[in-house]
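Chemist: Residue numbers (my numbering), protein chains in the order written: chain A, 1 to 112; chain B, 113 to 223.
Pasting a structure here, questions to come.
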Amino acid sequence: QKEVEQNSGPLSVPEGAIASLNCTYSDRGSQSFFWYRQYSGKSPELIMFIYSNGDKEDGRFTAQLNKASQYVSLLIRDSQPSDSATYLCAVKEDDSWGKLQFGAGTQVVVTP
Amino acid sequence: ETGVTQTPRHLVMGMTNKKSLKCEQHLGHNAMYWYKQSAKKPLELMFVYNFKEQTENNSVPSRFSPECPNSSHLFLHLHTLQPEDSALYLCASSRERNEQFFGPGTRLTVL
């Protein structure tokens with residue numbers, strides 16, 4: 001059974017601080033990794049993807065991938081109240097059409 | 113219309129009804145997906161269509177029947193559903209095997 005594990009939270013973060021979210025996965029064949037943000041009552045919105053070991057930065061977001069340890073993380077710098085949402089981690093085998101395996105998500109609450 | 117659209121946004125149906133969910137993507141993608149999202153559970157992939165051909169059926173009960181007439185449109189036909197089928201049904205699309213973009217979803221309630 002392939003699994004993607006995330007701490008459900010809620011992760012409470014003061015405004016302006018760094019939010020750190022972690023995701024571990026069981027399938028060593030996973031090649032592509034995605035972070036989605038989902039506001040309450042809305043659909044998931046893609047915010048980051050990463051394919052190679054190391055860090056990838058996009059604005060206030062940094063994704064970090066370590067395939068040897070089978071984890072991927074997301075850092076949100078200068079957290080804003082608008083970052084309050086559930087963050088979904090998803091992984092995919094490179095040769096499979098669309099078989100994204102999602103974690104249950106981590107709820108982030110940014111407090112003013 | 114831009115991105116991925118879904119209709120209806122909300123649907124209430126009885127267990128004996130037949131209804132259909134519609135998804136349309138305006139991104140020029142060639143793969144489309146149906147997901148189910150239940151409360152406090154991870155998104156579950158239901159079906160994958162690649163160039164109109166179904167490439168994945170993730171052990172979904174036959175009361176859910178997908179249809180993909182072309183690479184821009186995707187339907188999910190529903191019949192004799194159960195109350196436990198109540199969930200948010202999400203459509204997504206992608207170009208080849210790349211990042212998936214989601215529509216707004218249909219909130220389905222089965223009475």
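Even glycine gets a Cβ: it sits at the ideal position worked out from N, Cα and C.
In terms of DSSP beta bridges, what is Asp83 (chain A) paired with?
Modeler: DSSP lists no partner for Asp83 (chain A).
Chemist: Roughly how many angstroms separate the alpha carbons of Thr114 (chain B) and His138 (chain B), rounded to a whole number?
Modeler: Whole-angstrom Cα-Cα distance: 6 Å.
Chemist: Take the Cβ of Val124 (chain B) as the centre, count every other Cβ of all protein chains shown within 10 Å, and call the residue buried at 16 or more, exposed below.
Modeler: Val124 (chain B) is exposed by the Cβ-count criterion.
Chemist: Give the residues of chain A in contact with Phe213 (chain B), contact being defined as C-beta atoms less than 8 Å apart.
Modeler: What Phe213 (chain B) touches in chain A: Leu46.
Chemist: If distances are taken between C-alpha atoms only, which option among B:Thr192, B:Cys203, B:Gln212 comes closest to Thr128 (chain B)?
Modeler: Among B:Thr192, B:Cys203, B:Gln212, the Cα nearest to that of Thr128 (chain B) belongs to B:Thr192.
Chemist: According to the neighbour-count rule (16 or more other Cβ atoms, all chains shown, within 10 Å of its Cβ), is Thr86 (chain A) buried or exposed?
Modeler: Thr86 (chain A) is buried by the Cβ-count criterion.
Chemist: At a CB-CB cut-off below 8 Å, which residues of chain B make contact with Ala104 (chain A)?
Modeler: Those are Lys152, Lys153, Pro154, listed as they occur along chain B.
Chemist: Cutting at 7 Å between CB atoms, please list the residues of its own chain near Pro70 (chain B), excluding the five before and the five after it.
Modeler: Missing from the structure shown is residue 70 (chain B); chain B here goes from 113 to 223 and no further.
Chemist: Taking the beta strand (DSSP E) that Glu5 (chain A) belongs to, which residues open and close that run?
Modeler: Glu5 (chain A) -> beta strand (DSSP E) spans 4-6.
Chemist: Three-state secondary structure (DSSP) at Glu45 (chain A)?
Modeler: Strand.
Chemist: Classify Tyr147 (chain B) as buried or exposed, calling it buried when 16 or more other Cβ atoms lie within 10 Å of its own Cβ.
Modeler: When all chains shown are included, Tyr147 (chain B) counts as buried.
Chemist: Would you give the residue range spanned by the beta strand (DSSP E) that Phe176 (chain B) belongs to?
Modeler: Element bounds for Phe176 (chain B): 176-182.
Chemist: Just to check my reading of the structure: Trp35 (chain A) and Ala68 (chain A) have Cβ atoms closer than 8 Å, yes? What is that Cβ distance to the nearest angstrom?
Modeler: About 20 Å separates the two Cβ atoms, so there is no contact after all.
Chemist: In angstroms with no decimal places, state the Cα-to-Cα distance between Lys130 (chain B) and Gln6 (chain A).
Modeler: Cα to Cα, Lys130 (chain B) sits roughly 37 Å from Gln6 (chain A).
Chemist: Report buried or exposed for Ala143 (chain B), applying the criterion of at least 16 other Cβ atoms within 10 angstroms of its Cβ.
Modeler: That one is buried.
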